[in-house]
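For reference, the structure is listed below as structure tokens.
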Amino acid sequence: MWCSYSCGSSEHSLSRRGFLAGALGGALGTLVSDPFSRPAFTRELNKQQKRVLMIWLHGGVSQLESWDPKPGTKTGGPFLAIPTSVPGIHICELLPYTARIMHHLALVRGLNTAEDDHGKGAYIMHTGRRQEPAMKWPHLGSVCAKLLGEAKNPLPGYILITPHGNGGVNNEDAAFLGPRFASVSLSDGHAPANLDRPAALTETADYKRHEFRMLANQRFLRSRRTAQTEAYTNSYDQAAQLMRKRDLFDISKEPPLVVDRYGRHDFGRHCLMARRLLEGGATFVKVMHSNYDTHHENFDFHIEQLGEFDRPFASLIDDLHDRGLLSSTLVLVVSEFGRTPNINRLYGRDHWSKAWSIALAGCGIKGGSASGKTNAEGTAVTDRQVNGGHLFHTYLSALGFNSKKNFYIEQRPIPIADPKAAPITEVLA
Amino acid sequence: MIPAPTPKIDPTKTHLVKEYKHDSPLLGCRFDPSGRFVFAGAQDNHVVRWDLESSKKTLLTDHKSWVRAMAFAAKKKLLFSGDYNGRILAWSVDAEEPKPTHNIEAHRGWVRAVTVSPDGHMLASCGNDQLVKLWSVPDGKLIRELVGHACHVYNVVFHPDGKHLISADLKGIVKVWDVTKGEAERELDAKLLYKYDPSFRADIGGVRSMACSADGSFLACAGITNVSNAFAGVGNPLIVLFDYKSGQQKQQLRPKTPWQGTAWGVVMHPAGFIAGVGGGNGGMLWFWKADNAQDFFGLQLPNNARDLDLHSDGRRLAVAFFDGAVRTYSLVK
Amino acid sequence: MLPYLVLLRLRFVWVLLILFPAGVFAGDPLHQRIDQAIAAAKPDFARLAASSASDAEFVRRIYLDLTGSIPTADETRAFLKDPSLDKRPALIDRLLNSAEHARHFGTVLDVMLMERLPDKYVPHAPWLAYLRESAAENKPWDQLVREILSSDGADPRNRPTAKFYLERQAEPNLLTRDISRLFLGTNLQCCQCHDHPRIDDYKQAHYYGLFAFLNRSSLVVDKKLNMAVVSEKADGEVSFQSVFDPAKVTKRTGPRLPEGPPLKEPAVEKGKEYVVVPAADTRAVPRFSRRALLGPTLARPDNEQFKRNIANRLWAMMMGRGLIHPLDLDHSANLPSHPALLKLLAEDIAARKFDMRSFLRELALSQTYQRSSEQSSAGNEAEPTNYTVALLKPLTPEQLAWSLMQATGLTDIERAEWSKKLPAKAAAYTGSIHTPFGMAVVALFMETNNKEVTLYARLSPHVAPFVKAFGSLPGQAQEFDARLDQALFLANGPTVRSWLAPRPGNLIDRLARLTNTDALAEELYLSVLTRLPSAEERKEVADFLAARSNDRSMALQDMAWALLASAEFRFNH
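See the structure below:
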């Protein structure tokens, strides 16, 4: 349950001093108070806006074909390991471009999330918690939208670029943080819904109708202004600002050579859009690459999928670095789980959460590091075993937060990250 | 003396002869042309040689990755084995302790198939770098590159006329090359063996095995079709049989009893029938005649089959299995 | 059709209600005692309090609160013109007895009880029909709660009532949390593991006392019935220990309400514990059911928390804020803004046998409810908890959708279809129903109530996109939130835009026919904002149109949109 061992009561030494001040998310009408709204925190963050890029390898990428290769073993499969820009760290030959930027990356190779179901695994990797019947935890994206996002930023705090599916707001992602911090899907990289002015409405007419709306508001609000009316009228200003940022969602504004470097396939285009959005002030962008659920033909599929992944990913890291953004952008490459060391009769690998890997880069991350080890055939973690809770602490720590703080919902303290876990300090800068 | 009557080839009497066991799943198998050995590539990067008679097992250990591509230069008693690290090694077929005699850095990425020309002078290979390459058998030197495929090239065979090479790729495009000019003469359509799975967002299929009839009139391409779920390999085995001359599809050979999986091996018997093996939900061996889309005989195999070869005596088949065994089957009662 | 039959069946009840609109109680009527209590709680109240709401403010507010939509322009016009002194009480009564009220109140109950949990086991329509019928027959709250807490879903006749359990997977912890929140106004969730660390009143024993009613229950997909139902075992005791307790002392409890006496459980003869013995894929039915006792034990007039909770929730629905706020944190460290008033309301609603309609009527009759939302200059010092000024209530997703359909004339078009069949005189009648003619009209309208059901069925699919854009998360109480995606939905989305496009009988069509700009401004403001325009506004309308004489139809749509998107429309004020 959500409050076991962590109620913020005096018995638990998790001090809530200073965090109730300012309290209830005020103008926005939400009941969640922001633990980092203290001036000291805010000042610190404003120095440099921090962002997060999450690359979601949907279906469960094979750790053996990516970050933790075991060539020449019974479980290793046909691929070789290649050296990287970091002496001593080898990764799978399917990632040659990534190997060149390994000095920016940190690997976590001792992951045991103990959950082989897609939905539940994804839940752990998005929330840092296991599912509980009476408690829904917010996604990292929502937490970051809440903690890092600025109220004035018209871009959604948590943007999800999916290869397919419907666009729109995924309310449930934000759980108790409220739908304001839910992810907004850009299906196949299309701009958010309703961003375009209706065709029949000219820019001038649009301006005029808003002018009329504001005139009406002025009169009404003269004697009735509240936090809620402010939030409502502001939402139109934010919408207008986002409409002006329409170009951020349009990669045809990029030079063709750049588009080529990222690749003209979905993932390449989506990585390029992610870069545009991050440059344009987005707080959290998740790019989804589909699909790695290779119960059949694991090797052929990994050639294809990682072949798509490798170059745009490396280009994106390079570009962020070149623009001076990498040090303030936390990058994660994650999945719902890894894949079995055992190779099945269909040349497939199945779901596997007991010993797998993820990669991190950027803000707060010690480039060129690797934490955790698995045994020779990759069937068990032998050193520095961690779970989804540790990852969540690590992400927050990398972004400069004390991950042991609480959220407060209606005065109830909610630990932001699982109190039973802690950050993986070895991969932190 | 009156010679003993030659036993009649009868596929419907096909039965297991012998089992040769390795401790790693196998990928491919070939009889050597002399008929003494069967070779198999395994998931432990080894090529395994068994003496058919004595079952003596010898490991060829120099590959660093998986081997599925194997072909022989009969006169020179050479085995060429191509691996998933892009390398082709040449071996003396019957050496007591085989060591590679040639080491060809052949392709970037997997070598998917190799084949030797009827006259034994040329080796052809194909791979994930979308190339088909011709090599000189005596010295392992590159003769020419055949450029034209736009995706992984899965298979390659020489036409018995020796002047043409046939290659086939992931997307079911089959190209017929003029060997001397190095140009593609024409294309055959085996696209039924390919699909882009839109929900998985990946390609699935490819010509997993290819065979030409001894008289050169038929070409068979094997693989998977009707894929409804690429993740799980839900689809049906299919062998597309072409009339070589016209390039038209002659027949789509399918199991009579619906079956799920991939056709991993196909051979064309000089007696005029076609044999194929499937791996998926278990293993199957089927026999077809060119004039009927449905098999006239099917034999359930003990495990997922992954490759098939025909012995030079025409009486035995070798099947490579996921369970690490090569099993030989007799076509004679 | 079921709703039609039910409505016919209810006719008798309705007539009784029309004849005896409210219970009569000793002393001053409740609405006066409410006003006395509110005034007494704040020194200098009279000076600080806003004036009474104008007729226009009142008519919009009461329609939204009681029917879930703004009134039609004609209804507003008639109300504004009506010179009678009792027109407000008359309107309150008419609306409370309308089919629209039953539909709206059913939706309010649905959102409150189900909190938009997905319809996995019980479809939404029959559940909503059950709530609407309950509202139509003015089913007392305690009875409704008992019905909801007693059904296991196996009997097709009351299967919809099992939705409360089923959509929560009959999970005892989830149910304990929601029953404590929704029926007792106390969120005991934190007490699952220990006494609440900061709320002294909330004990772990309270949690497990409630839990013990439910711990033997579980969701089972019954093979024979071919559906999910609630199954219950005859055994299973509840024990708990506090995670804070170093000694790890294990405590036990049987079923009991917080602070209530332990429930007496009958001894059941060994071997005869079950009516239906537990088996795989079968609903087990014990001879003695703990769960069956939950409703009768909890929904009682002598259960203080039960009374306070419903009184507070209905107050919040009408007044925009609970006397206890948040609604589910009733405890001694979070006192009501008006403790004596809440006590009075709790006693009163129990005394009137949980008759919610008459209770709502009293709230609506109070000056507190009928106060203007415009602050007087003195009122600047006012706190929302003082009720010196009416609070702005954001429209719920449903209210917003229905009001937009009404304002743009979509509803009018549909309504025109069936009102053609009513005698013109009756159809136009908007006066009191306490006259013979009024009663006759009511009877006539009841005849055509099935048409209202049809109207609802035709228009309700339009509500879904609003629930999607503006609704709260499944399992959470509706909260106001203003986001840019909502603004984009209203500003650029196809839904509202298509409703604004001219169509015979809709708002823009009606406006386009008016050549007189003054008349046009009146129709526009009455239709959208439920009031007449000021002189200033009439001029603004004229100016806006004058500047766009070459694309008048678009100009009308733009102007109507601007008013629809205004804060005045977005809030119930």
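Residue numbers (this note's numbering), protein chains in the order written: chain B, 2 to 430; chain X, 170 to 502; chain V, 3 to 575. Note that CB positions come from ideal geometry on N, CA and C, so glycine has one too.
Identify the contact partners of residue i in chain C, using a Cβ-Cβ distance below 7 Å as the criterion.
| i | result |
| --- | --- |
| residue 343 of chain B | Absent from the structure is chain C; the protein chains it does hold are B, X and V. |
Compute the Euclidean distance between the alpha carbons of residue i and residue j, then round it to the nearest angstrom.
| i | j | result |
| --- | --- | --- |
| residue 72 of chain V | residue 462 of chain V | 16 Å |
| residue 234 of chain V | residue 277 of chain V | 11 Å |
| residue 542 of chain V | residue 216 of chain B | 9 Å |
| residue 140 of chain V | residue 402 of chain X | 59 Å |
| residue 293 of chain X | residue 378 of chain X | 15 Å |
| residue 364 of chain X | residue 150 of chain V | 53 Å |
| residue 425 of chain B | residue 362 of chain B | 14 Å |
| residue 307 of chain V | residue 205 of chain B | 57 Å |
| residue 55 of chain V | residue 375 of chain V | 7 Å |
| residue 23 of chain V | residue 362 of chain V | Low local confidence applies: a pLDDT of 40 at residue 23 of chain V is under 50, so the model's placement there is unreliable, with the coordinate-based value given in what follows. Going from the Cα of residue 23 of chain V to the Cα of residue 362 of chain V covers about 12 Å. |
| residue 473 of chain X | residue 342 of chain B | 19 Å |
| residue 493 of chain X | residue 193 of chain X | 5 Å |
| residue 201 of chain V | residue 335 of chain V | 7 Å |
| residue 382 of chain X | residue 407 of chain X | 18 Å |
| residue 268 of chain B | residue 478 of chain X | 41 Å |
| residue 32 of chain V | residue 53 of chain B | 57 Å |
| residue 212 of chain B | residue 401 of chain V | 25 Å |
| residue 210 of chain X | residue 246 of chain X | 18 Å |
Please report the residue range of the alpha helix (DSSP H) in which residue i lies.
| i | result |
| --- | --- |
| residue 225 of chain V | That residue, residue 225 of chain V, is in no alpha helix (DSSP H); it is neither H nor E in DSSP. |
| residue 489 of chain V | 486-494 |
| residue 257 of chain B | 257-263 |
| residue 272 of chain B | 267-280 |
| residue 543 of chain V | 537-549 |
What does residue i reach in chain X if we use C-beta pairs closer than 8 Å?
| i | result |
| --- | --- |
| residue 150 of chain B | Those within 8 Å of residue 150 of chain B in chain X number zero; the least Cβ separation is about 30 Å. |
| residue 73 of chain B | 214 and 233 |
Applying a beta-carbon distance threshold of less than 8 Å, which residues of chain B neighbour residue i?
| i | result |
| --- | --- |
| residue 238 of chain X | Ordered by position in chain B, no residue passes the 8 Å Cβ test against residue 238 of chain X, which lies about 12 Å from the chain. |
| residue 185 of chain V | By Cβ distance, chain B contributes nothing, its closest Cβ being about 17 Å from residue 185 of chain V, past 8 Å. |
Output the boundary residues of the beta strand (DSSP E) element that contains residue i.
| i | result |
| --- | --- |
| residue 181 of chain V | Premise fails: residue 181 of chain V lies in the alpha helix (DSSP H), 174-186, not in any beta strand (DSSP E). |
| residue 418 of chain X | 418-422 |
Could you work out which residues of chain B lie near residue i, taking near to mean beta carbons separated by less than 9 Å?
| i | result |
| --- | --- |
| residue 193 of chain X | 75 |
| residue 208 of chain X | Result: empty, since nearest Cβ-Cβ is about 18 Å, beyond 9 Å. |
Using a Cβ cut-off of 7 Å, pull out every chain X residue sitting near residue i, in sequence order please.
| i | result |
| --- | --- |
| residue 132 of chain B | Going along chain X, no residue has its Cβ under 7 Å from residue 132 of chain B, so there is no contact; the nearest lies around 23 Å. |
Taking C-beta pairs closer than 7 Å, name the residues in chain B that residue i reaches, listed in chain order.
| i | result |
| --- | --- |
| residue 396 of chain V | 229 |
| residue 405 of chain V | Those do not exist, as residue 405 of chain V stays about 15 Å from chain B at its closest Cβ, beyond 7 Å. |
| residue 253 of chain X | 79 |
Name the chain X residues whose beta carbon is nearer than 9 Å to that of residue i?
| i | result |
| --- | --- |
| residue 139 of chain B | Within 9 Å Cβ-Cβ: nothing; residue 139 of chain B doesn't reach chain X, min ~28 Å. |
| residue 352 of chain B | In chain order: nothing, as chain X lies at least about 11 Å away. |
Any alpha helix (DSSP H) of 4 or more consecutive residues that is wholly inside the segment 158-240 of chain B | Those alpha helix (DSSP H) runs which fall completely within the segment 158-240 of chain B and span 4+ residues are 204-222.
Ranges of the alpha helix (DSSP H) found wholly within the segment 296-362 of chain B, counting only runs of at least 4 = You should have 299-323.
At least 3 beta-carbon pairs within less than 8 Å: the segment 380-395 of chain B vs the segment 124-138 of chain B = Yes: the two stretches touch, three or more of their Cβ pairs being nearer than 8 Å.
When the Cβ atoms of the segment 214-230 of chain B are set against those of the segment 552-569 of chain V, are three or more pairs found closer than 8 Å?
-> Because the criterion of three Cβ pairs below 8 Å is met, the segment 214-230 of chain B and the segment 552-569 of chain V touch.
Segment contact, 8 Å Cβ cut-off, at least three pairs: the segment 358-376 of chain B with the segment 323-330 of chain B | Yes, they touch.
If you scan the segment 250-315 of chain X from start to end, which runs of the beta strand (DSSP E) of 3 or more residues do you find wholly inside it?
-> The segment 250-315 of chain X contains these whole beta strand (DSSP E) runs: 256-261, 269-274, 280-285, 291-296 and 300-305.
Counting Cβ pairs, one atom from each stretch, are 3 or more of them under 8 Å apart for the segment 541-556 of chain V and the segment 473-481 of chain V?
-> Short answer: they don't touch.
For the segment 145-158 of chain B and the segment 73-87 of chain B, state whether three or more C-beta atom pairs, one from each stretch, are separated by less than 8 Å.
-> As far as the Cβ criterion goes, the segment 145-158 of chain B does not touch the segment 73-87 of chain B, which means the pair count is below three.
For the segment 69-131 of chain B, which segments carrying the beta strand (DSSP E) assignment without a break, of at least 3 residues, lie completely within its bounds, in sequence order?
-> Counting whole runs of 3 or more residues, the segment 69-131 of chain B contains the beta strand (DSSP E) stretches 82-84, 91-93 and 106-112.
Those runs of the alpha helix (DSSP H) which lie wholly inside the segment 47-127 of chain V and span at least 4 residues = Listed in chain order, they are 47-50, 57-69, 75-83, 89-98 and 101-116.
Taking one C-beta from the segment 176-196 of chain V and one from the segment 272-288 of chain V each time, how about it: are there three or more such pairs within less than 8 Å?
-> Counting C-beta pairs with one atom in each stretch, the segment 176-196 of chain V and the segment 272-288 of chain V have fewer than three that are closer than 8 Å, which means they do not touch.
Inspect the CB distances between the segment 322-342 of chain X and the segment 293-302 of chain X and report whether three or more fall short of 8 Å.
-> The segment 322-342 of chain X vs the segment 293-302 of chain X: in contact.
In chain order, each beta strand (DSSP E) run of at least 3 residues that lies wholly inside the segment 223-257 of chain V | Runs of the beta strand (DSSP E) inside the segment 223-257 of chain V: 229-234, 240-242 and 253-255.
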